[in-house]
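Here the structure comes first, spelled out in structure tokens, and everything after it is commentary.
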Amino acid sequence: MCVEATPPPSGELTRRGILAGAAALAGTMAAAGQATAAVADSGTAPGGAARGGHLVIQGGTLLDPATGEVTENAVVVIEDGTVRAAGRRGGVAVPQGVEVLDAHGRWILPGLVDAHIHLSTAAEARDAVRKGATSARSGSTSFYQDIAVRELARHSPALAPRLKAAGVFVTPNLGDSVLADPDLTPLARLKDGVRSAEALRRVVEVNLARGADVIKTRVNERAGLPEQDPLAQVYSREQLAEIVAAARRRGKGVLCHSYSEQGCHDAVMAGIRSLEHGAFVGERTLREMRRRGTYFTPTLTAIAGLAESSDPILAERGRTYLPILKRAVLAAHELGVPLAAGTDSSGGTVDPIGGEVELMHSAGLSPLDAIRTATTGAARLLGLTGTAGRLTRGSAGDALLLPGDPLTDLAVLKRPVAVVRAGVLAS
Numbered sequence: 000m001c002v003e004a005t006p007p008p009s010g011e012l013t014r015r016g017i018l019a020g021a022a023a024l025a026g027t028m029a030a031a032g033q034a035t036a037a038v039a040d041s042g043t044a045p046g047g048a049a050r051g052g053h054l055v056i057q058g059g060t061l062l063d064p065a066t067g068e069v070t071e072n073a074v075v076v077i078e079d080g081t082v083r084a085a086g087r088r089g090g091v092a093v094p095q096g097v098e099v100l101d102a103h104g105r106w107i108l109p110g111l112v113d114a115h116i117h118l119s120t121a122a123e124a125r126d127a128v129r130k131g132a133t134s135a136r137s138g139s140t141s142f143y144q145d146i147a148v149r150e151l152a153r154h155s156p157a158l159a160p161r162l163k164a165a166g167v168f169v170t171p172n173l174g175d176s177v178l179a180d181p182d183l184t185p186l187a188r189l190k191d192g193v194r195s196a197e198a199l200r201r202v203v204e205v206n207l208a209r210g211a212d213v214i215k216t217r218v219n220e221r222a223g224l225p226e227q228d229p230l231a232q233v234y235s236r237e238q239l240a241e242i243v244a245a246a247r248r249r250g251k252g253v254l255c256h257s258y259s260e261q262g263c264h265d266a267v268m269a270g271i272r273s274l275e276h277g278a279f280v281g282e283r284t285l286r287e288m289r290r291r292g293t294y295f296t297p298t299l300t301a302i303a304g305l306a307e308s309s310d311p312i313l314a315e316r317g318r319t320y321l322p323i324l325k326r327a328v329l330a331a332h333e334l335g336v337p338l339a340a341g342t343d344s345s346g347g348t349v350d351p352i353g354g355e356v357e358l359m360h361s362a363g364l365s366p367l368d369a370i371r372t373a374t375t376g377a378a379r380l381l382g383l384t385g386t387a388g389r390l391t392r393g394s395a396g397d398a399l400l401l402p403g404d405p406l407t408d409l410a411v412l413k414r415p416v417a418v419v420r421a422g423v424l425a426s
């Protein structure tokens, strides 16, 4: 059965709906008064995008992940949510009358990037910021909540990470996601699910019309459901290529849930932008990824979480997959495949992105290289180079204050003393 070739909804209507959704998300917060205060502090006009706050961070030890340079007794000047200057105290002009955040005895890092997270509520978005993820990429949501979270972040930066939204998962069985948009409902009557070229293009086109920044699909079944076989392939290379082509026509990339070596290889050859999970990815595929510049987001946190499951099938799966995935991560790093950190947090629980950095280190990366997977590396994947991943002039005023030296103890990334988002202290 085919899908009628009707055009997707207009972008203007979509934007109104998105903004309404963002307002609804903000309205669900119990701390509505705090949300209002955060908007006021950041200089937001009613109905307008936030300019960001004014803040001076001084006295701490500043780490630049790009160069590895460490600056003692540093100063970071943030104006309108953007870094205006950063360097050693005495060499940076500090404006008068601006709030000062004392960082003596602390380490200062740029806010971290979670390149694979599922944010469906305002509470989850705020928790992600509190745990250090000031920028993120969605791994999809069921009803376009991530697009509303993205708009919430633009209006109230302290309440949500700067987000690249993926919209609805392009998967054979959409389930209740067919109700996410009227233009998806015809897909419910397809006997074989979303598999034809027309159906695949329809989901991509509706996502893009709704404002998605990236497209999320899969090549294998899920590891987190005991009744599914994560090595079973659900889309062919040709089907994945249809998805990639539909996204590219609008200048968007595709992230692909994957596990088996054949699935990983087909996804990479189809032209995806990043391979997610990828436990059994092999050397031939990693070499192809290096050649193409395809990113690897292994989501070690999610696989480690399976090992702690009360379900014996999932626990065994996690214990088996984790060491294999760690070897794949190290092989990718040694070959020069770009890596990005992502927790795959979902279901109301937000894992600290610092834990993923720790796991990258446990796979064999140096502390600095592990930090780069959640700063400069992930920022490049998200198209945020120059905005996220560093604290240099012109970058976003997103910062973490840490209780110790992350180059000697990466665990400090999981417990930031303070998080600054666009020049505003997150609380």
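When we follow numbering that gives the first Met the number 0, the leftmost residue of the sequence shown carries the number 0, and every step to the right adds one. Just so you know, even glycine gets a beta-carbon here, dropped at the ideal spot from N, CA and C. All values reported here derive from a predicted model rather than from experimental measurement.
Check: So L230 packs on C255, CB below 8 Å; how close in whole Å?
Finding: Taking the first residue of the sequence shown as 1, we reach residue 230 at position 231. Taking the first residue of the sequence shown as 1, we reach residue 255 at position 256. Contact between L230 and C255 does not hold, since the beta-carbon distance rounds to 15 Å and is not under 8 Å.
Next item on the list: Could you have a look at Y294 and say whether DSSP puts it in helix, strand or coil?
Entry: Against the sequence shown, residue 294 aligns to sequence position 295. Looking at Y294 - three-state DSSP - the assignment turns out to be strand.
Margin query: Looking at the strands, I want to know which residues DSSP matches up with D191.
Written below: In the sequence shown, residue 191 corresponds to position 192, counting from 1. Assignment of beta-bridge partners to D191 by DSSP yields no partner.
Next item on the list: Within its chain, find whatever has a CB closer than 6 Å to the CB of R83; leave out the 5 residues flanking it on each side and keep chain order.
Entry: Residue numbering aside, residue 83 sits at position 84 when the sequence shown is read from its first letter. Contacts found: V76.
Next item on the list: Report the rounded CA-to-CA distance for L299 versus R326, giving the unit in angstroms.
Entry: Position 300 of the sequence shown holds residue 299. Position 327 of the sequence shown holds residue 326. Roughly 11 Å between the two C-alpha positions.
Next item on the list: Please report how far the alpha carbon of L162 lies from the alpha carbon of G252, in whole angstroms.
Entry: For the purposes of this step, residue 162 is identified with residue 163 of the sequence shown, where counting begins at 1. For the purposes of this step, residue 252 is identified with residue 253 of the sequence shown, where counting begins at 1. Whole-angstrom Cα-Cα distance: 15 Å.
Notebook entry, point to check: Comparing the C-beta of R379 with each C-beta of chain D, is any distance below 8 Å?
Noted result: Here there is only one protein chain, and chain D is not present.
Item checked: Nearest-angstrom Cα separation, counted from D191 out to P64 -> As a first step, residue 64 is located in the sequence shown; it is residue number 65 there, counting from the start. As a first step, residue 191 is located in the sequence shown; it is residue number 192 there, counting from the start. In this structure, the alpha-carbon of P64 lies about 47 Å from that of D191.
Check: Okay, do the stretch 111 to 124 and the stretch 357 to 364 touch, 3+ Cβ pairs below 8 Å being the bar?
Finding: Contact between the stretch 111 to 124 and the stretch 357 to 364 is absent, because fewer than three Cβ pairs lie under 8 Å.
Next item on the list: Would you please state the rounded distance, in angstroms, between the beta carbons of D101 and A132? I believe it to be under 8 Å.
Entry: In the sequence shown, residue 101 corresponds to position 102, counting from 1. In the sequence shown, residue 132 corresponds to position 133, counting from 1. Approximately 24 Å separates the beta-carbon atoms of D101 and A132; this is outside 8 Å, ruling out the contact.
Note to self: If the criterion is Cβ atoms closer than 8 Å, does the pair S257 and H117 meet it?
What the structure shows: On the sequence shown, position 258 is the one that residue 257 refers to. On the sequence shown, position 118 is the one that residue 117 refers to. No, the pair does not count as a contact, with Cβ atoms beyond the cut-off.
Next item on the list: Return the chain-ordered ranges of every beta strand (DSSP E) run that is complete within the stretch 68 to 107 and spans a minimum of 3 residues.
Entry: Taken in chain order, the complete beta strand (DSSP E) segments of 3 or more residues contained in the stretch 68 to 107 are 69 to 78, 81 to 87, 99 to 101.
Check: Is the beta carbon of V69 less than 8 Å from the beta carbon of R88?
Finding: As a position in the sequence shown, residue 69 is number 70, starting the count at 1. As a position in the sequence shown, residue 88 is number 89, starting the count at 1. The criterion of a C-beta distance shorter than 8 Å is not satisfied by V69 and R88.
Notebook entry, point to check: According to the Cβ coordinates, are V427 and G262 closer than 8 Å?
Noted result: Look at the range of the chain in this structure, 0 to 426, and you will see that residue 427 is not part of it.
Margin query: Would you call the stretch 366 to 378 in contact with the stretch 303 to 316, where contact means no fewer than 3 C-beta pairs closer than 8 Å?
Written below: The stretch 303 to 316 and the stretch 366 to 378 do not touch, with fewer than three beta-carbon pairs separated by less than 8 Å.
Check: Do you know offhand how far D265's Cα is from V423's?
Finding: As a working note, residue 265 is residue 266 in the sequence shown. As a working note, residue 423 is residue 424 in the sequence shown. Rounded to whole angstroms, the separation of the alpha carbons of V423 and D265 is 44 Å.
Next item on the list: Give the single residue among R283, R249, V243 whose Cα lies nearest to the Cα of S259.
Entry: Your numbering for residue 259 matches position 260 in the sequence shown. Nearest to S259 by alpha-carbon distance, out of R283, R249, V243, is R283.
Next item on the list: Enumerate in chain order the residues of its own chain whose CB-to-CB distance from A157 is below 6 Å, with the five nearest sequence positions on each side excluded.
Entry: For this step, residue 157 is matched to residue 158 along the sequence shown. Within the same chain, Cβ atoms closer than 6 Å to the Cβ of A157 are found at A37, R420, V423, A425, the five residues on either side in sequence being excluded.
Item checked: Identified DSSP bridge partners for K215 -> Along the sequence shown, one-based indexing puts residue 215 at 216. Paired residues: L254.
Check: Do A269 and R236 have their C-beta atoms closer together than 8 Å?
Finding: Taking the first residue of the sequence shown as 1, we reach residue 269 at position 270. Taking the first residue of the sequence shown as 1, we reach residue 236 at position 237. Yes.
Check: What do you get for I323, buried or exposed, if any count of 16 or more other CB atoms within 10 angstroms of its CB means buried?
Finding: Translated into the one-based positions of the sequence shown, residue 323 becomes position 324. The residue is exposed, with fewer than 16 neighbouring Cβ atoms inside 10 Å.
Notebook entry, point to check: According to the Cβ coordinates, are L383 and L61 closer than 8 Å?
Noted result: By one-based count along the sequence shown, residue 383 stands at place 384. By one-based count along the sequence shown, residue 61 stands at place 62. Cβ atoms of L383 and L61: not closer than 8 Å.
Check: Beta-carbon separation of V169 and V205 under 8 Å?
Finding: Taking the sequence shown and counting its residues from 1, the one referred to as residue 169 is at position 170. Taking the sequence shown and counting its residues from 1, the one referred to as residue 205 is at position 206. With a cutoff of 8 Å on beta-carbon distance, V169 and V205 are scored as not near each other.
Check: L338 to A330, Cα distance in whole Å?
Finding: Counting from 1 along the sequence shown, the entry for residue 338 is found at position 339. Counting from 1 along the sequence shown, the entry for residue 330 is found at position 331. Distance from the CA atom of L338 to the CA atom of A330, rounded to whole angstroms, is 11 Å.
Next item on the list: Please confirm whether S296 and I271 have their CB atoms less than 8 Å apart.
Entry: As a position in the sequence shown, residue 296 is number 297, starting the count at 1. As a position in the sequence shown, residue 271 is number 272, starting the count at 1. Per the sequence shown, residue 296 should be read as Thr rather than Ser. No.
Next item on the list: In the DSSP assignment, find the unbroken alpha helix (DSSP H) run with L324 in it and report its ends.
Entry: As a working mapping, residue 324 is identified with position 325 in the sequence shown. In this chain, the alpha helix (DSSP H) harbouring L324 covers 311 to 334.
Checklist line | I302 versus R105, P311, T319, residue with shortest Cα-Cα distance | finding: Counted from its first residue, the sequence shown places residue 302 at position 303. Relative to I302, the option among R105, P311, T319 whose CA is nearest is T319.
Checklist line | Helix, strand or coil at V112 [DSSP, three-state] | finding: Here residue 112 corresponds to residue number 113 of the sequence shown, with the count starting at 1. V112 falls in the strand class under three-state DSSP.
Notebook entry, point to check: Tell me which same chain residues have a C-beta within less than 7 Å of the C-beta of L400, skipping the five on either side of it?
Noted result: Mapped onto the sequence shown, residue 400 falls at position 401. Taken in chain order, the residues that qualify are G59, A102, R105, I107, P415, V416, A417.
Checklist line | Closest Cα partner of P311 within the set M288, D145, E226 | finding: As a working mapping, residue 311 is identified with position 312 in the sequence shown. Per the Cα distances, E226.
Margin query: Could you tell me which whole beta strand (DSSP E) segments of length 3 or greater appear in the stretch 140 to 191?
Written below: Fully enclosed beta strand (DSSP E) runs of 3 or longer: 161 to 163.
Item checked: Residue closest to L367, alpha-carbon to alpha-carbon, out of L54, V243, Q57, G67 -> Locating residue 367 in the sequence shown gives position 368, where the first residue counts as 1. Scanning L54, V243, Q57, G67 for the CA closest to the CA of L367 turns up G67.
Check: Are the CB atoms of D397 and P109 nearer to each other than 8 Å?
Finding: For the purposes of this step, residue 397 is taken as residue 398 along the sequence shown, with counting starting at 1. For the purposes of this step, residue 109 is taken as residue 110 along the sequence shown, with counting starting at 1. Going by C-beta atoms, D397 is nearer than 8 Å to P109.
Check: Roughly how many whole angstroms lie between the Cα atoms of L207 and I146?
Finding: Position 208 of the sequence shown holds residue 207. Position 147 of the sequence shown holds residue 146. Across the structure, L207 and I146 are spaced so that their CA atoms are roughly 11 Å apart.
Check: Which value, in whole angstroms, describes the spacing of the CA atoms of S141 and V213?
Finding: Residue numbering aside, residue 141 sits at position 142 when the sequence shown is read from its first letter. Residue numbering aside, residue 213 sits at position 214 when the sequence shown is read from its first letter. In a straight line, the C-alpha of S141 is about 15 Å away from that of V213.
Next item on the list: Output the boundary residues of the beta strand (DSSP E) element that contains A301.
Entry: Reading the sequence shown from its first residue, position 302 is the one you call residue 301. For A301, no beta strand (DSSP E) run applies; the uninterrupted alpha helix (DSSP H) run containing it begins and ends at 299 to 306, by DSSP.
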